[in-house]
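Peer 1: Residue numbers (the numbering used here), protein chains in the order written: chain A, 6 to 183; chain B, 6 to 183.
Number of protein chains: 2
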Amino acid sequence: MQQRHRELRGRAQALLRLLVIRPATAADRDAIWTALEPVVRAGEVYALPRELTREAGLAYWFSPTHEVYVCEQDRQLLGTYYLRPNQQGAGSHVANCGYLTSSAAEGRGIARAMCTHSLARAREAGYRAMQFNFVVATNARAVALWTAMGFATVGRLPGAFAHPTRGDVDALVMYRTL
Amino acid sequence: MQQRHRELRGRAQALLRLLVIRPATAADRDAIWTALEPVVRAGEVYALPRELTREAGLAYWFSPTHEVYVCEQDRQLLGTYYLRPNQQGAGSHVANCGYLTSSAAEGRGIARAMCTHSLARAREAGYRAMQFNFVVATNARAVALWTAMGFATVGRLPGAFAHPTRGDVDALVMYRTL
């Protein structure tokens, strides 16, 4: 029994060690761009120019209003996200996030871990809701994950995303209170 | 009959002379801020900080991605609007606009004239749709006008706008193809 306890505690600690989510620093720029570039070039999920340069891409990710985090394991970047007010003034109690999982780390729950972290961080920062403005409807994994994370689809923008292979597809507006 | 024709033509010409909509220049900055400031201070329709400074307000209105127009009569500014891509990359075929009518000119169809102009200008610039991201639901006049101008309410953001007197009210996402 004692043995079993030790075993379980050991496993739990291993899992806890698995992912570290911490504020990004300038030292993360290379790793973030390495993760971001292929997603931007593919042009299937973000409304960013596919020819975006490294400088412009990092300037966007590290915009002055963005609070940027990285998710890593053994100092390897697995993902990154930003948190920001979605609007100014009377709309600033609603947060917005952008998440990015490095392609090598897909399917390991990184986006879910980052979203969980961002919801906690947003609450802590005083936000009262979170909104995603532009979830590409063909990005089924993202739609399913955000739905599982408590987001409701509150809007559908018809044909608002010019998908590189599927033509104009809808984008969704997703929202949840905190 | 001829007399009546002349009379009608005269009236039509007077109406046509009534409003000039032209690209804004730096010389319009004072008049634009004079129109914008009371709307910002009231905080009832725009998600902008109520304490916004002149510099920040004009920097926002004249953002690098904004194409700014003014609507005037006898060189008096009655309104202004900006046109911009609502998203980058695969979302850049959808336009976005912000309109502002000077309080002295309210109820004279200025917003309708600017919206008509913006739809034509957006088509000309190659946009295929127009989206309003954040129409405060209590702004009944705006909602009715955009609906009359062919916009559908495609989303509703629950409590996304902290109205100064009515508490958290919904904001609408409105959309139309061009």
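Ideal Cβ positions, reconstructed from N, Cα and C, are used throughout, including at glycine. Please read these numbers as outputs of a predicted model, since none were measured by experiment.
1) Could you tell me whether the Cβ of L41/B comes closer than 8 Å to any Cβ of chain A?
2) Decide if P43/A is buried, meaning its Cβ has at least 16 other Cβ atoms within 10 Å, or exposed.
3) Buried or exposed: where does G84/A fall if 16 or more other Cβ atoms within 10 Å of its Cβ makes it buried?
4) Check for me: the beta strand (DSSP E) holding V140/A runs from which residue to which?
5) Are the CB atoms of G94/B and L53/A within a distance shorter than 8 Å?
6) Mapping DSSP to helix, strand and coil, what is L24/B?
7) Does A127/B come out as helix, strand or coil in the three-state DSSP assignment?
8) Please decide whether L53/A counts as near chain B, where near means a Cβ-Cβ distance under 8 Å.
9) Return the CA-CA distance between R128/B and N101/B, expressed in angstroms with no decimal places.
10) Where does H122/B fall in DSSP's three states?
11) Using a Cβ cut-off of 9 Å, pull out every chain A residue sitting near G131/B, in sequence order please.
12) Taking the alpha carbon of G172/B as the reference point, which residue from G96/A, N144/A, A36/A, R146/A has its own alpha carbon closest?
13) Give the residues from the segment 62 to 85 of chain A that approach chain B closer than 8 Å (Cβ to any Cβ), ordered along the chain.
14) Tell me which same chain residues have a C-beta within less than 7 Å of the C-beta of A167/A, skipping the five on either side of it?
Peer 2: The structure says:
1) Along the second sequence, read from residue 1 onward, the residue named residue 41/B stands at position 36. False, the Cβ-Cβ gap to chain A never drops below 8 Å.
2) For this step, residue 43/A is matched to residue 38 along the first sequence. Looking at its Cβ environment, which holds fewer than 16 other Cβ atoms inside 10 Å, P43/A is exposed.
3) Within the first sequence, residue 84/A is the residue found at index 79, counting from 1. Within a 10 Å sphere around the beta-carbon of G84/A sit 16 or more other beta-carbons, which makes this residue buried.
4) Within the first sequence, residue 140/A is the residue found at index 135, counting from 1. The continuous beta strand (DSSP E) containing V140/A extends over residues 134 to 141.
5) For the purposes of this step, residue 53/A is taken as residue 48 along the first sequence, with counting starting at 1. For the purposes of this step, residue 94/B is taken as residue 89 along the second sequence, with counting starting at 1. Yes, the pair counts as a contact, with Cβ atoms nearer than the cut-off.
6) Your numbering for residue 24/B matches position 19 in the second sequence. In this structure, L24/B counts as coil in the three-state DSSP scheme.
7) By 1-based counting over the second sequence, the position of residue 127/B is 122. In this structure, A127/B counts as helix in the three-state DSSP scheme.
8) Working through the first sequence from its first residue, we reach residue 53/A at position 48. Closer than 8 Å: yes.
9) For the purposes of this step, residue 128/B is identified with residue 123 of the second sequence, where counting begins at 1. For the purposes of this step, residue 101/B is identified with residue 96 of the second sequence, where counting begins at 1. Approximately 12 Å, taken between the alpha carbons.
10) Looking up residue 122/B in the second sequence gives position 117. DSSP places H122/B in helix when its eight states are reduced to three.
11) Within the second sequence, the letter at position 126 stands for residue 131/B. Under the 9 Å cutoff, chain A gives no residues; its nearest Cβ is about 12 Å from G131/B.
12) Counted from its first residue, the second sequence places residue 172/B at position 167. Comparing Cα-Cα distances from G172/B to each of G96/A, N144/A, A36/A, R146/A, the minimum goes to G96/A.
13) Answer set for the segment 62 to 85 of chain A: empty.
14) The sequence position of residue 167/A within the first sequence is 162, counting from 1. Excluding residues within five positions, the ones whose Cβ falls inside 7 Å are D173.
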